[in-house]
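Chains as they are written, first to last, in the working numbering: chain A, 1424 to 1523; chain B, 2 to 91; chain C, 262 to 421.
Think of the CB as a built atom: it goes at the ideal place given N, C-alpha and C, for glycine as much as any other residue.
If you're wondering where the values come from, they're calculated on a predicted model, not measured in any experiment.
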Amino acid sequence: MIELVSTLLLSVGAFFYFAGTLGLLRFPDVYCRLHALAKADNLGLGFILLGLAIQAESLAAALKLVLIWPLVLAASATVSYAIARRADTLGIKPWRREER
Amino acid sequence: MTGLEFPLALFLLTNLVVALLAAVRGPTAADRMLLALLFGTTGVGILVLLASAGGGSALVDVALVLALLAAVTGVTFARRAWHAGEKSDD
Amino acid sequence: MNPVMMIAILRRGALLSFLWWILTEGRRDAWVAGFVAIGAALWLSLRLCAPRSTQISVGGLGAFLGYFIWNSVRGGVQVALLALRGRRALHPGTLELQLNLASPAPRIFVANVLALMPGTVSVRLNGKRLRLHVIDERMPIVAEVKALEVLIARMFGERV
């Protein structure tokens, strides 16, 4: 049972990583790519960690895996904001639908 | 271990390489900064999967330290922006 | 020793011990080193961050975490679907709004957290004015930012 749930969670996690990369390739500007990477990859990692945590040998080992998530989230949130601000400072204009 | 960990680690690695090439291609300098994000999330994901695929729990420690360093870097960024932002705008 | 300091030592000591237990995966033979490490971390934390200088409400933190986890799932699912549909699904734009939080720390926190919430990335925070990049202009972004702001205000012990 645990194996099944774990497999499911890991697959869902991998899907979100895939979606993040897909967004990076397909979205038109750095701001949109940021949305894709920041949100999809972090969710992917969350699912992977959860999938591995439920099959961990001890509670402490499971919590250790889960502890990684908030750290990476903190990093992603601050780095995303830093990238967006930098892009704005460089004068990169967001892509708009009307301009096509 | 479900037997899926190693294939998924390889899948994430492929993702990382593809995304890396896309980010390096740009076109702007800000696009290349996306690499910092990629290494954080995908790198940590690969490490924990490999740990579970038989790499040993030491790899979880590596992932944890990587995440911790990324978080400290990020918070330092934010604090710097805070102090700079109170005075001027970049 | 005053009671504030006592409570701070007990709370932080318990938290650090819990953290050590997690990091060593519950191994008993690690507690000798743990005792030294926890003591050092406790001393450092009391020096760098004196008790009561910033008080985070525990209930507020819980409410925020619940909201945060649910919405990061929503945001991830939404952007994944957009990525599958490609460029033609995007309606990006920028949005400028005013934050009501009084002190700068929670405002910076809001600006950073928004990068992980559905449809938003903060571009610039200037005092209380926040400019966002939104991935879909038709979403009710302003209402969601306000909801997040209220939760963060509660966590930092502020009123909006």
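Practice task
Please say whether R273(C) and S306(C) have beta carbons closer to each other than 8 angstroms?
Solution key: yes
Exercise for the section: Please compile the residues from chain C whose C-beta is within a distance smaller than 8 angstroms of the C-beta of S58(B). Expected result: E286
Problem - K88(B), DSSP secondary structure in three states - result: Caution applies to K88(B), whose pLDDT of 47 falls short of 50 and renders its modelled position unreliable; the value that the coordinates give is listed next. Three-state result, K88(B): helix.
Handout entry: Cβ shell of T285(C) (< 6 angstroms), same chain only, five flanking positions each side left out
Key = The residues A291, in chain order, have a CB closer than 6 angstroms to that of T285(C) in the same chain once the five nearest residues on each side in sequence are set aside.
Handout entry: Collapsed DSSP secondary structure at S364(C) in the structure displayed
Key = coil
Exercise for the section: Determine the contact status of F7(B) and A37(B), defining contact as a CB-CB distance below 8 angstroms. Expected result: no
Exercise for the section: Give a yes or no on whether 8 angstroms exceeds the smallest Cβ distance from L1445(A) to chain C. Expected result: yes
Practice task
Would you mind working out which of Q339(C), A408(C) and N373(C) sits nearest L393(C), comparing C-alpha positions?
Solution key: N373(C)
Exercise for the section: Could you say which of G1443(A), T1501(A), Y1454(A) and I1515(A) lies nearest to L70(B) if we only look at CA atoms? Expected result: Considering only G1443(A), T1501(A), Y1454(A) and I1515(A), the residue with the shortest C-alpha distance to L70(B) is T1501(A).
Handout entry: Host alpha helix (DSSP H) of R1456(A) (start-end)
Key = Segment V1453 to H1458, the alpha helix (DSSP H) holding R1456(A).
Exercise for the section: Step through the CB atoms of chain C and report whether any lies within less than 8 angstroms of the CB of A1483(A). Expected result: Yes, A1483(A) counts as interfacial toward chain C.
Handout entry: Contact belief for I299(C) with L277(C) at Cβ below 8 angstroms, rounded distance in angstroms
Key = Contact holds; Cβ gap of about 5 angstroms.
Practice task
State whether the stretch 321-339 of chain C contacts the stretch 347-360 of chain C, with contact taken as three or more CB pairs (one from each stretch) at a distance under 8 angstroms.
Solution key: no
Exercise for the section: Can you have a look at S89(B) and say buried or exposed, based on whether 16 or more other CB atoms are within 10 angstroms of its CB? Expected result: For S89(B), the pLDDT reaches just 45, beneath the cut-off of 50, and the residue's location in the model is therefore unreliable, leaving the point undetermined.
Handout entry: C-alpha gap between A1479(A) and P28(B), whole angstroms
Key = 42 angstroms
Exercise for the section: Determine the extent of the alpha helix (DSSP H) in which N16(B) is found, giving its start and end residues. Expected result: E6 to R26
Handout entry: Residue from L280(C), L386(C), A311(C) and F296(C) whose Cα sits closest to the Cα of M267(C)
Key = A311(C)
Practice task
Quick one: which unbroken beta strand (DSSP E) runs of 3-plus residues sit fully inside the stretch 266-335 of chain C? Chain order, please.
Solution key: none
Practice task
Would you please verify whether the beta carbon of A79(B) is less than 8 angstroms from any beta carbon of chain C?
Solution key: Any Cβ of chain C closer than 8 angstroms to the Cβ of A79(B) would place that residue at the interface, and such an atom is present.
Exercise for the section: Can you grab the Cα-Cα spacing for the pair A1442(A) / A59(B), in whole Å? Expected result: Distance between the alpha carbons of A1442(A) and A59(B): 29 angstroms.
Exercise for the section: Kindly say whether L9(B), judged by its beta-carbon, lies nearer than 8 angstroms to any beta-carbon of chain A. Expected result: yes
Problem - Segment contact, 8 angstroms Cβ cut-off, at least three pairs: the stretch 360-367 of chain C with the stretch 338-348 of chain C - result: no
Handout entry: Proximal residues of chain A, C-beta to C-beta of L39(B) below 8 angstroms
Key = L1460 and D1464
Practice task
Go to R1508(A), then tell me how far its alpha helix (DSSP H) extends in each direction, as first and last residue.
Solution key: L1482 to T1512
Handout entry: Residue of A269(C), R415(C) and D397(C) minimising C-alpha distance to F1450(A)
Key = D397(C)
Handout entry: Proximal residues to R399(C) (C-beta, below 7 angstroms), its chain only, five neighbours per side dropped
Key = H352
Exercise for the section: Pull up the distance between the alpha-carbon of V25(B) and that of G295(C), whole angstroms please. Expected result: 43 angstroms
Practice task
Assess, as a yes-or-no matter, whether the stretch 32-51 of chain B is touched by the stretch 1484-1504 of chain A under the definition of 3 or more beta carbon pairs within less than 8 angstroms.
Solution key: yes
Problem - Proximity test, Cβ basis, 8 angstroms: L1(B) and chain A - result: A query on residue 1(B) cannot be resolved here, the shown segment of chain B reaching from 2 to 91 and no further.
Exercise for the section: Since I believe A64(B) is in contact with V45(B) (beta carbons under 8 angstroms), could you give me their beta-carbon distance rounded to a whole number of angstroms? Expected result: 5 angstroms
Practice task
State the Cα-Cα distance for the pair R288(C) and W282(C), rounded to the nearest angstrom.
Solution key: 7 angstroms
Handout entry: Contacts of A1498(A) in chain C (Cβ-Cβ under 9 angstroms)
Key = Under the 9 angstroms cutoff, chain C gives no residues; its nearest Cβ is about 10 angstroms from A1498(A).
Handout entry: Contact set between S1503(A) and chain C, taken where Cβ atoms lie within less than 7 angstroms
Key = A376 and V382
Problem - Proximal residues of chain B, C-beta to C-beta of I1506(A) below 7 angstroms - result: Under a criterion of Cβ atoms nearer than 7 angstroms, the residues of chain B adjacent to I1506(A) are, in order, A31, M34 and L35.
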